[in-house]
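According to my numbering, the stretch in the sequence shown is residues 11 to 137, in order. Glycine included, each C-beta is placed from N, C-alpha and C at the ideal position. Note that the coordinates shown come from a computational prediction; the quantities given were computed from them, not determined experimentally. Encoded as C-alpha cells, the structure appears first; notes follow it.
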Amino acid sequence: MEGGAGRPTILLAEDETGVGRVISGHLGDEGLEVRWVRTIREARVELREHPPDLLLLDTSLETDGLEFFQALRSLPEHPRGGVVVLADERDVRARERALQLGAAAVVTKPLRDQTVRTTVRELVACL
Numbered sequence: 011m012e013g014g015a016g017r018p019t020i021l022l023a024e025d026e027t028g029v030g031r032v033i034s035g036h037l038g039d040e041g042l043e044v045r046w047v048r049t050i051r052e053a054r055v056e057l058r059e060h061p062p063d064l065l066l067l068d069t070s071l072e073t074d075g076l077e078f079f080q081a082l083r084s085l086p087e088h089p090r091g092g093v094v095v096l097a098d099e100r101d102v103r104a105r106e107r108a109l110q111l112g113a114a115a116v117v118t119k120p121l122r123d124q125t126v127r128t129t130v131r132e133l134v135a136c137l
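So this is what it looks like as C-alpha cells:
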C-alpha cells in the first residue's frame, strides 16, 4: 500500500467543496489516507507522483470525468484497487458508461455516508 505506515491511500477527485470535505473526513475516520484534488489536472499530477491505491472520481469534474477515466485505463498510474465513480443519481448513462469502462463501483450523488464508507472499505480489503 502506498500510504504511510501501511495505510491505504485514496485519491479523491471532487470539485464540490462540501462533498469533498464530507468524503475525505469520513474516509479519514476509517483510517485511510485521503488526498483530495479538485481538477483533472491535479488528479493527473497526483496519480503520476503519488499513485494511490484507489481513485474516487466525480463524473462532473471540469470536463468529463469519464473521459479522463477512459484515458487513465491505459496508463501505468492506474490505481491498483481501481476507480470508484461518483455520479449523479439521475444520470443513468454516466453510471452505465462507468461500469462499461471498468469502474470497480459507482456511488450515486447525493451521497449516503455509509454507502461510500462500505464501498471503499470493501475495495481496500481486497488490496
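**OP:** Could you tell me which residues DSSP pairs with L96 in its beta bridges?
**Re:** Locating residue 96 in the sequence shown gives position 86, where the first residue counts as 1. Within the DSSP bridge table, the entry for L96 names D68, V117 as partners.
Subject >> Other residues of its chain near F78: CB distance less than 6 angstroms, five sequence neighbours each side excluded >> reply: Reading the sequence shown from its first residue, position 68 is the one you call residue 78. Answer for F78: I50, listed in chain order.
Original post:
Which one of R45, P18, G41, V94 has the shortest CA to CA distance from R31?
Top reply: On the sequence shown, residue 31 is found 21 positions in, with the first residue counted as 1. Here the closest residue by C-alpha is R45.
Subject >> Unbroken beta strand (DSSP E) run spanning E43, endpoints >> reply: Translated into positions along the sequence shown, residue 43 becomes position 33. From DSSP, the beta strand (DSSP E) with E43 extends over 43–47.
**OP:** Using the Cα positions of A10 and A23, report the straight-line distance between them to the nearest angstrom.
**Re:** Absent from the model: residue 10. The displayed extent of the chain is 11 to 137, so no value can be given.
Subject >> For T73, the three-state DSSP class (helix, strand or coil) >> reply: Here residue 73 refers to the residue found at position 63 of the sequence shown. In this structure, T73 counts as coil in the three-state DSSP scheme.
Original post:
Can you tell me where the beta strand (DSSP E) with L22 in it begins and where it stops?
Top reply: For the purposes of this step, residue 22 is taken as residue 12 along the sequence shown, with counting starting at 1. Here the beta strand (DSSP E) through L22 covers 19–23.
Subject >> Three-way DSSP call (helix, strand, coil) for H36 in this model >> reply: On the sequence shown, position 26 is the one that residue 36 refers to. Annotated three-state conformation of H36 is helix, per DSSP.
**OP:** Return the chain-ordered list of same chain residues with a C-beta closer than 6 angstroms to the C-beta of G139, the five sequence neighbours on each side being excluded.
**Re:** As shown, the chain starts at 11 and ends at 137. That puts residue 139 outside it, with no answer to give.
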